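2 protein chains.
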Amino acid sequence: MRRSDIEQVRSLPLFREMTKTHFSTLMSAALLQKFPARTVLIREGELPDFLHIVVEGTVELYSRWEDRETTIDIIRPVTTFILAAVIQDDVYLKSARTIDAARILMIPSEAIRDIFGRDAGFARAIVSELALRYRGIVRVLKDRKLRTSVERLANWILAMDRSEGGGGRIVLAHDKRTLSSRLGMTPENLSRSLAILGDHGVEGTGREIVIVDREALQRCAKPSPLIDG
Amino acid sequence: MRRSDIEQVRSLPLFREMTKTHFSTLMSAALLQKFPARTVLIREGELPDFLHIVVEGTVELYSRWEDRETTIDIIRPVTTFILAAVIQDDVYLKSARTIDAARILMIPSEAIRDIFGRDAGFARAIVSELALRYRGIVRVLKDRKLRTSVERLANWILAMDRSEGGGGRIVLAHDKRTLSSRLGMTPENLSRSLAILGDHGVEGTGREIVIVDREALQRCAKPSPLIDG
DNA sequence: ATTATGAATTGACAATTGTCAAAGATGATC
DNA sequence: GATCATCTTTGACAATTGTCAATTCATAAT
Chain A
1 MRRSDIEQVR
11 SLPLFREMTK
21 THFSTLMSAA
31 LLQKFPARTV
41 LIREGELPDF
51 LHIVVEGTVE
61 LYSRWEDRET
71 TIDIIRPVTT
81 FILAAVIQDD
91 VYLKSARTID
101 AARILMIPSE
111 AIRDIFGRDA
121 GFARAIVSEL
131 ALRYRGIVRV
141 LKDRKLRTSV
151 ERLANWILAM
161 DRSEGGGGRI
171 VLAHDKRTLS
181 SRLGMTPENL
191 SRSLAILGDH
201 GVEGTGREIV
211 IVDREALQRC
221 AKPSPLIDG
Chain B
230 MRRSDIEQVR
240 SLPLFREMTK
250 THFSTLMSAA
260 LLQKFPARTV
270 LIREGELPDF
280 LHIVVEGTVE
290 LYSRWEDRET
300 TIDIIRPVTT
310 FILAAVIQDD
320 VYLKSARTID
330 AARILMIPSE
340 AIRDIFGRDA
350 GFARAIVSEL
360 ALRYRGIVRV
370 LKDRKLRTSV
380 ERLANWILAM
390 DRSEGGGGRI
400 VLAHDKRTLS
410 SRLGMTPENL
420 SRSLAILGDH
430 GVEGTGREIV
440 IVDREALQRC
450 AKPSPLIDG
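Respectively, the protein sequence lines represent chains A and B.
The end of the first sequence is residue 229 by the numbering used here, with every number in the run present.
The end of the second sequence is residue 458 by the numbering used here, with every number in the run present.
In C-alpha cells, the structure reads:
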C-alpha cells in the first residue's frame with residue numbers, strides 16, 4: 001500500500017479524529033486488494049466481514065428484487081461504504097461491484113467495532129458519518145418521490161457539475177445505463193430526458209454533458225438545498 | 230410527566246444504556262408538551278432545537294418541493310425522530326406535524342450533544358439508532374425503486390400485520406390519503422390498488438383491512454427480508 | 001481500414017401512474 | 001336522526017414511464 005493512499009484514508013473525516021496508534025492498528029489489520037472491472041465485492045444478504053474503502057476506481061452499490069435491479073449509489077475515491085452493516089453486524093442490504101478496475105481497502109469489521117469502543121474520536125466520527133449518510137439517503141428519497149425523471153436528471157447535472165468545480169462540463173465515469181438506474185429510470189428514458197434538456201441549456205455528446213445555459217437549466221431543475229445539498 | 234412515560238422513554242434502546250444520572254439530567258432538561266391534531270412541530274430548513282420523542286399520538290414526517298408534498302414516515306409511540314439533524318446540528322430535511330392530538334417529549338439538542346460526549350453507553354446507542362434508521366431508509370428506497378404501487382401496498386399490509394402481531398387484521402391509525410403519500414401514490418391509486426388486492430386475499434372496509442388469504446397475498450407481494458425487514 | 005461487439009438512440013406501443021370531476025360513503029355536530 | 005363537511009371511491013382521460021425492436025453510434029480488436 002502506498003504512503004499516499006494511507007494519507008488519503010487518514011484524512012477522511014472517519015479516520016481523522018482517532019489516535020495515531022488506533023489508526024495504525026486498523027491499517028495493519030487491513031487488506032488492500034485490486035479487483036478487475038465488474039467484480040462483485042459484496043452480496044446483499046451476507047454478513048459483513050470488512051469495512052470497505054474505495055481507494056481507486058468506481059464502485060456501484062445496487063440491489064435486486066425478483067428480476068429487477070436498481071443502482072443505489074455510485075462511489076468514487078476516497079469513500080467508505082457499507083458502514084451501517086458493519087456497525088450493526090447485520091446483513092448487507094446492498095450489493096457492491098466494481099465498475100472499472102479498482103483498489104479497495106478492506107478493514108476487518110471486528111477491528112472497527114473494537115476500536116470504536118476504545119477511541120472516542122473514532123466513535124464521534126462514526127456518528128457523524130452515519131448521520132451524514134442517513135441525511136444523504138433522505139435527500140435521494142425526496143428526489144425520487146417529489147420529482148419527475150427529467151427534473152431528477154436536471155438536478156443531477158447541476159449537482160454533479162457543482163461537485164466537479166462548476167466548470168459547466170461533466171464527463172461520466174461510467175455507463176449511461178448505470179446513471180439511468182441510479183436516477184430511477186430506464187436507459188431509453190434517460191436518452192429522451194437528455195434530449196428534452198436540450199431545450200433547457202444542456203448539450204451532450206457521448207459521455208460528455210455540457211451546460212450551455214445555466215439559467216435555463218436552473219429554471220427547469222429548481223434545485224433545493226434541502227434535496228440537492 | 231407521568232412516571233410510566235419516563236419509564237417508557239428509559240426503556241427505549243436509545244436511553245437504556247446510559248447512566249441513571251445522565252438520564253435524569255436529560256429528563257430534567259426536557260419538556261413534555263401536548264399538541265392538538267394537525268400541528269406543525271418542525272419545519273424543514275430550520276435548525277434543530279430539540280430531539281423529539283412521540284410519547285402519545287401519531288406524527289407525520291413529510292417534505293415539500295415546489296407545490297408537491299410527500300410523506301416520508303409515520304411515527305407512533307414511543308419513538309424518537311429527527312435524531313440525525315440534532316447530531317449534525319444541521320437543518321431539518323423533513324417537516325413534522327401531528328396527525329391526531331399528541332404528547333411530545335422534547336429534549337434540548339445541546340443536552341443531547343453534551344451527554345453524548347460524556348456517556349459511552351449513550352454514544353453507542355446513538356450509533357445503533359442511526360445505523361438502524363439508515364438501514365430503514367435504504368429499505369424504503371429499495372421498495373420505491375424496485376416495486377410497483379400494488380406491490381408496495383401488498384408488502385405494506387403484510388409488514389403492518391406482522392408488526393401488529395399477525396392477526397390478519399389491520400386498523401389504520403390515520404387517513405388513507407396519508408398512507409397513499411407514504412407509499413408514494415395518489416389517494417385515487419391507493420383505492421384502485423386496494424381493489425386489485427381484492428383478487429389477492431385482501432378485504433377492506435373503511436379503515437379496516439383484513440387478510441383473508443395470506444398465501445395469495447404473499448404470492449402477490451413476494452416480500453423480502455432485505456426490503457421488508 | 002474493417003469488422004465485431006456492446007452501448008445508446010429512436011420509434012411504436014403498452015403499462016403504470018396521475019389528474020380532474022362527480023358521485024358515494026363516513027363521521028361529527030347539532 | 002338530519003345535516004354538513006370531509007374523505008373515499010369511481011370513471012374518463014392525460015401524462016409519465018416502461019418495453020420491445022430496429023437502427024445508429026462508438027469502441028476495441030483484428
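Backbone N, C-alpha and C fix where the C-beta goes; we use that ideal spot for every residue, glycine too.
Given the structure is predicted, the values throughout are model-derived calculations rather than measurements.
Inter-residue spacing [alpha-carbon to alpha-carbon] between residue i and residue j
i	j	result
B/T287	B/L261	15 Å
A/G168	A/A159	11 Å
B/Y321	B/K451	35 Å
A/I149	A/M185	Ile is not the amino acid found at residue 149 of chain A; the sequence shown has Ser there. Taking the straight line joining both Cα atoms gives about 7 Å.
B/P464	B/A258	A query on residue 464 of chain B cannot be resolved here, the shown segment of chain B reaching from 230 to 458 and no further.
B/V441	B/R373	26 Å
A/C75	A/E60	Checking the sequence shown, residue 75 of chain A turns out to be Ile, not Cys. Taking the straight line joining both Cα atoms gives about 6 Å.
A/L146	B/W294	7 Å
B/L405	A/D67	Checking the sequence, you will find Lys at residue 405 of chain B rather than Leu. Looking at the two C-alpha atoms, the distance is approximately 30 Å.
A/S164	A/I170	A quick correction: the sequence has Glu, not Ser, at residue 164 of chain A. Between A/E164 and A/I170, the C-alpha separation is close to 8 Å.
A/D49	A/L83	11 Å
B/Q237	B/I341	18 Å
A/P36	A/A101	4 Å
B/L423	B/R411	15 Å
A/I104	A/R2	13 Å
A/L47	B/G458	15 Å
A/D161	A/T205	16 Å
B/E382	B/L419	With the sequence shown as reference, residue 382 of chain B is identified as Leu, and Glu is not the correct amino acid for it. Roughly 8 Å between the two C-alpha positions.
A/W156	B/P416	29 Å
B/E285	B/P306	5 Å
A/S11	A/H52	16 Å
A/T79	A/R214	29 Å
Any C-beta of chain A under 7 Å from that of residue i
i	result
B/R364	yes
B/E295	yes
B/S292	yes
B/K405	no
B/R373	yes
B/E289	no
B/V441	no
B/V379	no
B/A352	yes
B/E236	no
B/V367	yes
Neighbourhood of residue i by C-beta, 7 Å cutoff - its chain only, sequence neighbours within 5 removed
i	result
A/I6	M27
A/V40	S95, R97
A/P13	A125, S128, E129
B/A445	H429, G430
Cutoff 7 Å: residue i Cβ touching any chain B Cβ
i	result
A/L93	yes
A/I82	no
A/S109	no
A/G229	no
A/T70	yes
A/Q88	yes
A/L226	yes
A/V127	yes
A/L141	yes
A/K222	yes
A/E44	yes
Residues near residue i in its chain [Cβ-Cβ closer than 8 Å; skip 5 each side]
i	result
B/H251	I344, R347, D348, F351
A/S63	E44, E69, T70, I72, L93, K94, S95
B/E339	none
A/R251	In this structure chain A extends from 1 to 229, so residue 251 of chain A is not present and cannot be described.
B/F244	V238, F252, L255, F351, A354
Close Cβ partners of residue i (< 6 Å) along its chain, the five nearest in sequence each way excluded
i	result
B/R368	I456
A/D89	none
B/I271	Y321, S324, A325
A/E208	V171
| said: Runs of 3 residues minimum, wholly inside the segment 331–400 of chain B: which ones carry the beta strand (DSSP E) assignment? | reply: 331–337, 398–400
| When the Cβ atoms of the segment 124–141 of chain A are set against those of the segment 195–215 of chain A, are three or more pairs found closer than 8 Å? | no
| query | Can you give, in chain order, each stretch of the alpha helix (DSSP H) that sits fully within the segment 36–113 of chain A and has at least 4 residues? | reply | 83–88
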